[in-house]
């Protein structure tokens with residue numbers, strides 16, 4: 041339970057964009073106005089084969105550079121096998137594209153309670169996928185006045 045609590049302080053961010061897909065973060069809302077909420081979650085990919093195909097290590101997500109795919113290209117080049125090199129380059133391109141698509145969501149995790157604690161997961165070779173969802177609803181706020 042403690043591990044999950046610590047993980048979620050790194051893996052969850054809640055933001056309030058002004059419009060669908062916007063990168064800004066609203067901080068003031070009308071009492072009965074519309075509020076858009078986005079939840080971003082760093083999902084741990086625990087299935088070995090699936091994690092290699094669909095997920096990336098923490099440092100690759102943080103930097104946008106597909107480290108494992110780059111190592112595979114280097115190993116293929118060292119082998120001298122042209123077909124292997126081409127296949128590795130295609131996987132590198134695919135991984136680079138996936139990281140580019142994940143980048144906006146990963147950047148939102150800077151809003152998490154302890155955003156950089158995730159570096160620890162790199163030591164263990166854990167792989168992740170960024171999940172995001174948005175919803176808009178009427179603010180249920182009450183008209184309380186707070187003293188300063």
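Residue numbers (the working numbering): 41 to 188.
Note that the Cβ used here is the ideal one computed from N, Cα and C, for glycine as well.
**Asked** Closest by CA to residue 166, which one among 92, 80, 116, 67?
**Response** 92
**Asked** Can you tell me the Cα-Cα spacing of residue 56 and residue 129, whole angstroms?
**Response** 38 Å
**Item:** Between the CA atoms of residue 158 and residue 51 - distance to the nearest angstrom
**Value:** 8 Å
**Prompt:** Hey, is the segment 114–134 in contact with the segment 58–75, meaning 3+ C-beta pairs nearer than 8 Å?
**Reply:** no
**Asked** Which full runs of the beta strand (DSSP E) of 3+ residues lie inside the segment 95–130, going along the chain?
**Response** none
**Item:** Residue nearest to residue 152 in terms of C-alpha spacing, selected from 106, 175, 80
**Value:** 80
**Request:** Figure out for me which residue from 177, 182, 186 has the closest Cα to the Cα of residue 60.
**Result:** 177
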